[in-house]
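S.K.: Input: one structure, supplied below.
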Amino acid sequence: MATFTIRSVDERLNQELKKESRRRGVSVNRLVVETLKDALLGGDDKRRRYDDLDGFSGLWSEAEAAEFNEAVRGFSEIDRELWRD
1 MATFTIRSVD ERLNQELKKE SRRRGVSVNR LVVETLKDAL LGGDDKRRRY
51 DDLDGFSGLW SEAEAAEFNE AVRGFSEIDR ELWRD
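Residue numbers for the sequence shown follow this note's numbering, beginning at 1 and rising by one.
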């Protein structure tokens, strides 16, 4: 197994790495290795994790969520006429 030294990590990136490693409950080293694996190899299980929309979670009011749910309610219904032989 190889060992690397990463130079020129600015303070902002350093703080974000520390924050994310605490959030995940792993060392900074493990976070960096897992992030590189995910980015370059697709991770261990070949499934990619997307979290780029997490910041939008919970931003709708109850009324907005209800309006959206009403607008998409029909999407889960099957039109039996379309599936007849």
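No residue lacks a Cβ here, since even glycine has one placed at the ideal position from N, Cα and C.
(1) Is the beta carbon of E20 closer than 7 angstroms to that of L31?
(2) List, from N- to C-terminal side, the beta strand (DSSP E) runs of 3 residues or more that fit wholly inside the segment 4–82.
(3) Quick check: what's the CA-CA separation for A151 versus V33?
(4) Quick one: Cα of N29 to Cα of E64, how far?
(5) Rounded to the nearest angstrom, what separates V9 and D51 at their Cα positions?
M.R.: Let me spell this out:
(1) yes
(2) none
(3) With the chain covering 1 to 85 only, the question about residue 151 has no answer from this structure.
(4) 42 angstroms
(5) 23 angstroms
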